[in-house]
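Undergrad: Quick one: structure below, then a few questions.
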Amino acid sequence: MGYLKWGAQVCKIIKWGYLLTILLVLIEALSSTSVVYLQKYMIDSVFVTGNYRLFAILLSGFAGAAVIHSIMFSLSSFVAIRNEYYLSKSIVLKLIETIQRMPLRIIQSNRIGEYIQTLTTTAIEVGNLLCWRIPRIMLQEAIQLLIVTIILGSISPLFLLFVCIVSIVYVLIGRQFAPILKNNRDQILTKKKDLIVRMEEGISSTREVIAYHRMDWEREIYDTLFQSYFREVTREGKLINRQMLYTDPLKWMVILTVLGFGGYETINGTMSIGTLVIFLQFNTQFTDLFISLFQSIMKISGDMAYIDQIRSLESGPQLSMGNKVIEGPIKHLEMKNVVFQYNKEKVTLNQLDIKFPIGQKISLVGGSGGGKSTIIHMFSRYYEPDEGSILVNDVPLNRISSQEWVSRTAVVPQDPYMFSDTIRENILLGRNYSDDEIIEVCRVAQIHEYICSLSNGYDTDIGERGVKLSGGQRQRIAIARALIGKPEILLMDEATSALDMETERQVLFNLQQFRDNTTTIMVAHRLSTIIDSQLIYVISNGQVVEQGNHEQLIRNEKEYYRLIHAQ
1 MGYLKWGAQV CKIIKWGYLL TILLVLIEAL SSTSVVYLQK YMIDSVFVTG
51 NYRLFAILLS GFAGAAVIHS IMFSLSSFVA IRNEYYLSKS IVLKLIETIQ
101 RMPLRIIQSN RIGEYIQTLT TTAIEVGNLL CWRIPRIMLQ EAIQLLIVTI
151 ILGSISPLFL LFVCIVSIVY VLIGRQFAPI LKNNRDQILT KKKDLIVRME
201 EGISSTREVI AYHRMDWERE IYDTLFQSYF REVTREGKLI NRQMLYTDPL
251 KWMVILTVLG FGGYETINGT MSIGTLVIFL QFNTQFTDLF ISLFQSIMKI
301 SGDMAYIDQI RSLESGPQLS MGNKVIEGPI KHLEMKNVVF QYNKEKVTLN
351 QLDIKFPIGQ KISLVGGSGG GKSTIIHMFS RYYEPDEGSI LVNDVPLNRI
401 SSQEWVSRTA VVPQDPYMFS DTIRENILLG RNYSDDEIIE VCRVAQIHEY
451 ICSLSNGYDT DIGERGVKLS GGQRQRIAIA RALIGKPEIL LMDEATSALD
501 METERQVLFN LQQFRDNTTT IMVAHRLSTI IDSQLIYVIS NGQVVEQGNH
551 EQLIRNEKEY YRLIHAQ
């Protein structure tokens, strides 16, 4: 898709505002030209011929044109800025949706700072480009240039031809710099992104940097990245200065030629003084507008790098959101011939066939890297199988509406994310539940008493990523967060690994009582937590090597037996 087509698509939401901007810019350009053109009649008809009765009329017209220009300037700027912010908001929201639909493996292969840079800088620059620089600057310059060209052509077609030839020479010189400037702009954006990403990572890792006394190491990395960015910015400045060195003399050559030609014509009586005045002004305007328009086009050409970044993100792989609604409760859950690999070197799930009885507690155990957490990620729709399918009531999971599936499931990861907000908001996540419901699930998660011991209770701010809480407290808040929605299927990936054994035992007991006859799928390395599971799958190298309850697997004296005795 070309830049023009892409820009037209994203600007659909502001099409009427965009058209209004163009109309206001057109009126502004006409009124601006009128202010200059009326000077001819003021000089020739009033001051030279002495027809002072026209003075008041021409002065009123002059003032009216100036007032209209001022009003149009303010209105067009207001509408353009309004369009810019609406469009920037739309682009940011669309990018957030795009990132949310991206496979987790893609997100994890990039640095978070790169996404932040795209959302906070690139998207804003694209909004400014499409809604301000193109209609409010470039288009206005183009309209004014067209009007001035018509006027100059009516005064002296021959001299207009001369000015056009000089301008074409200017363009040819500028074209030599255009690709160099665009490549340089790409480098600037890349270096700036690297710098901002490092700054974000440096702030996030402050404790580790101080703990290991690596401040000088961090400073050296920052200095290196900044110098690289600074070199590219300086190079851009030098390129622009070199371009101006070649092109500015052409501008002054045109001005001197206009003065000579116009003065000669006036002396010979073939051009009036008023015409000479506006001829000089319009020629100066023509040259300035031509140069400015060309520079705008060159700058916009370089700024296409911003659009390239947006389009690159939008064109990435996306998970299927599905559109099918599950009728009634979930009665069947199965992974059938599922193959998945994070990279080409190793198959994580290898022709995996596994059924999850509804209404039971099912546990997945095995050595590290066997594929247990990947199964949880599959059900969370972070990834999709490379082969095979996940069936819910005999319907492939990727065909089921994402919103529908999320409303029926909840996941508790080993390292849950905590927002810089209160405990209450970290449990609710914008959902509408009563205080009694919040307290109920917090009692189940064995965190209510601790919360009540805090001075602000549930309204206590927990800091950036929950830094004011211990790992076990964060896990219990995450469990409460998952339970409050009363999901049909609860997915727990090492969700109690940070708890002491007694607290963990009590939390799991409460879960069993709270979620009686509902489906819970657990991943655990601490095997004491899953002994009471109705069904245990032992996963190794992406396949089920054993299954049964605790007593059956102990009697088998195979992999599960070895794992139990290893602990």
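Counting from 1, position 14 in the sequence shown corresponds to residue 14 in full-length UniProt numbering; the numbering is continuous, with no gaps.
Ideal Cβ placement from N, Cα and C applies to all residues, glycine included.
#1: Give me the Cβ distance between L501 and M522, rounded to the nearest whole Å; I'm assuming they're in contact under 8 Å.
#2: With the cut-off set at 8 Å, would you say residue 569 and G202 are in Cβ contact?
#3: Measure the alpha-carbon distance for W252 versus I147 and round it to whole angstroms.
#4: Fully enclosed by the segment 36-94, which beta strand (DSSP E) runs are 3 residues long or longer?
#5: Would you report the Cα separation of K299 and Y306, rounded to the nearest angstrom?
#6: From V46 to T275, what does the alpha carbon distance come to, in whole angstroms?
#7: If you pair each beta-carbon of the segment 399-410 with each one of the segment 346-363, do three or more pairs fall below 8 Å?
#8: Between the beta-carbon of S528 and the beta-carbon of Q414, is there less than 8 Å?
#9: Mind checking who T422 pairs with in its DSSP beta bridge?
#10: Return yes when the Cβ of P135 is within less than 8 Å of the Cβ of V25, no when it is not.
#11: With distances taken Cα to Cα, identify the nearest neighbour of D386 among I99, G367, V79 and L349.
#12: Per DSSP, what kind of secondary structure is F290 in: helix, strand or coil?
#13: Report buried or exposed for D436, applying the criterion of at least 16 other Cβ atoms within 10 angstroms of its Cβ.
#14: Residues in its own chain within less than 7 Å of T284 by CB, not counting five upstream and five downstream?
#15: Across the segment 256-265 and the segment 174-190, are there enough close Cβ pairs to call them in contact, namely three or more that are closer than 8 Å?
#16: Beta-carbon separation of L553 and L313 under 8 Å?
#17: Nearest CA to the CA of G366: which residue from L30, R562, C11 and R133?
#18: Could you compute how far the alpha carbon of I536 sits from the alpha carbon of K182?
#19: Quick check: is any heavy atom of the ligand GTP less than 7 Å from the C-beta of V254?
#20: Kindly indicate which three-state DSSP category N549 falls into: helix, strand or coil?
#21: Relative to the alpha-carbon of G328, which residue among S315, D459 and E488 has its alpha-carbon at the smallest distance?
#22: Can you give me the start and stop residues for the alpha helix (DSSP H) that residue 575 sits inside?
#23: Quick check on this structure: which residue in T518, A495, A524 and D532 has the alpha carbon closest to the alpha carbon of F509?
#24: Identify, in the order they occur along the chain, each residue of the same chain with its Cβ nearer than 7 Å to the Cβ of L172, setting aside the five sequence neighbours on each side.
#25: To the nearest angstrom, how far is the alpha carbon of V395 from that of M418?
#26: May I have a chain-ordered list of the beta strand (DSSP E) segments no shorter than 3 residues that lie completely inside the segment 352-406?
#27: Mind reading off the beta-carbon distance from I43 to V277? Whole number of angstroms is fine, and I expect it under 8 Å.
#28: Please report the residue range of the alpha helix (DSSP H) in which T190 lies.
#29: Is the distance from the Cβ of N426 to the Cβ of R481 below 8 Å?
#30: Counting only beta-carbon separations shorter than 8 Å, does S167 have a partner in chain C?
#31: Output the residue ranges of the alpha helix (DSSP H) runs that lie fully inside the segment 501-545 and measure 4 residues or longer, sorted by chain position.
#32: Quick check on DSSP: helix, strand or coil for A142?
#33: Under a three-way DSSP split, which group does K324 fall into?
#34: Between the C-alpha atoms of E141 and F282, what's the straight-line distance to the nearest angstrom?
#35: Roughly how many whole angstroms lie between the Cα atoms of Y86 and I14?
#36: Our contact map puts E114 next to K193 with C-beta atoms below 8 Å; I'd like the distance itself, whole angstroms only.
TA: Reading it off the structure:
#1: Counting from one through the sequence shown, the residue named residue 501 turns up at place 501. Counting from one through the sequence shown, the residue named residue 522 turns up at place 522. For clarity, residue 501 is Met in the given sequence; the question names Leu instead. That pair is no contact at about 16 Å.
#2: Missing from the structure shown is residue 569; the chain here goes from 1 to 567 and no further.
#3: The residue you call residue 252 lines up with position 252 of the sequence shown. The residue you call residue 147 lines up with position 147 of the sequence shown. Between W252 and I147, the C-alpha separation is close to 22 Å.
#4: none
#5: Locating residue 299 in the sequence shown gives position 299, where the first residue counts as 1. Locating residue 306 in the sequence shown gives position 306, where the first residue counts as 1. The straight-line gap from Cα to Cα measures roughly 12 Å.
#6: For the purposes of this step, residue 46 is taken as the residue at position 46 of the sequence shown. For the purposes of this step, residue 275 is taken as the residue at position 275 of the sequence shown. If I take the Cα positions, the gap works out to 14 Å.
#7: no
#8: To locate residue 528, count along the sequence shown from 1; it is residue 528. To locate residue 414, count along the sequence shown from 1; it is residue 414. No, they are not a contact pair.
#9: Counting from one through the sequence shown, the residue named residue 422 turns up at place 422. Answer is D461.
#10: Translated into positions along the sequence shown, residue 25 becomes position 25. Translated into positions along the sequence shown, residue 135 becomes position 135. The Cβ atoms of V25 and P135 lie closer than 8 Å to each other.
#11: Along the sequence shown, one-based indexing puts residue 386 at 386. Of the candidates I99, G367, V79 and L349, the one whose C-alpha sits nearest the C-alpha of D386 is L349.
#12: For the purposes of this step, residue 290 is taken as residue 290 along the sequence shown, with counting starting at 1. The answer is helix: DSSP assigns F290 an H, G or I state.
#13: Residue numbering aside, residue 436 sits at position 436 when the sequence shown is read from its first letter. Label assigned to D436: exposed.
#14: Taking the sequence shown and counting its residues from 1, the one referred to as residue 284 is at position 284. If we look at T284 and ignore the five residues flanking it on each side, its Cβ neighbours are I255.
#15: no
#16: Working through the sequence shown from its first residue, we reach residue 553 at position 553. Working through the sequence shown from its first residue, we reach residue 313 at position 313. No, Cβ-Cβ distance for L553 and L313 is not below 8 Å.
#17: The sequence position of residue 366 within the sequence shown is 366, counting from 1. Nearest option by C-alpha distance: R562.
#18: Numbered from its first residue, the sequence shown carries residue 536 at position 536. Numbered from its first residue, the sequence shown carries residue 182 at position 182. Taking the straight line joining both Cα atoms gives about 59 Å.
#19: No copy of the ligand GTP appears in this structure; indeed no ligand is present at all.
#20: In the sequence shown, counting from the first residue as 1, residue 549 sits at position 549. Looking at N549 - three-state DSSP - the assignment turns out to be coil, as it is neither helix nor strand.
#21: One-based indexing of the sequence shown puts residue 328 at position 328. Residue E488 is the option with its Cα nearest to G328.
#22: With the chain represented from 1 up to 567, any question about residue 575 goes unanswered, as that position is not in the structure.
#23: Within the sequence shown, residue 509 is the residue found at index 509, counting from 1. Minimum Cα distance to F509 is reached at D532.
#24: The residue given as residue 172 occupies position 172 in the sequence shown. Answer for L172: no residue qualifies.
#25: One-based indexing of the sequence shown puts residue 395 at position 395. One-based indexing of the sequence shown puts residue 418 at position 418. So the alpha carbons of these two residues sit roughly 33 Å apart.
#26: 361-365 and 387-392
#27: Position 43 of the sequence shown, counted from the first residue, corresponds to residue 43. Position 277 of the sequence shown, counted from the first residue, corresponds to residue 277. About 6 Å; that satisfies the 8 Å criterion.
#28: In the sequence shown, counting from the first residue as 1, residue 190 sits at position 190. That run of the alpha helix (DSSP H) goes P157 to S204.
#29: Here residue 426 corresponds to residue number 426 of the sequence shown, with the count starting at 1. Here residue 481 corresponds to residue number 481 of the sequence shown, with the count starting at 1. Cβ distance < 8 Å, so N426 and R481 count as in contact.
#30: Given the protein chain composition of this structure (a single chain), no chain C is represented.
#31: Taking 4 residues as the shortest admissible run, the segment 501-545 contains the following complete alpha helix (DSSP H) segments, listed from N- to C-terminal end: 501-514.
#32: Residue 142 sits at position 142 when you count from the first residue of the sequence shown. It is helical.
#33: Reading the sequence shown from its first residue, position 324 is the one you call residue 324. Here K324 sits in strand by DSSP.
#34: Stepping through the sequence shown from its first residue, residue 141 is reached at position 141. Stepping through the sequence shown from its first residue, residue 282 is reached at position 282. Using only the alpha carbons, I get a separation of about 13 Å.
#35: If you number the sequence shown from 1, residue 86 lands on position 86. If you number the sequence shown from 1, residue 14 lands on position 14. If you take the alpha carbons of Y86 and I14, they lie about 8 Å apart.
#36: Within the sequence shown, residue 114 is the residue found at index 114, counting from 1. Within the sequence shown, residue 193 is the residue found at index 193, counting from 1. Indeed they touch by this definition, with Cβ atoms about 6 Å apart.
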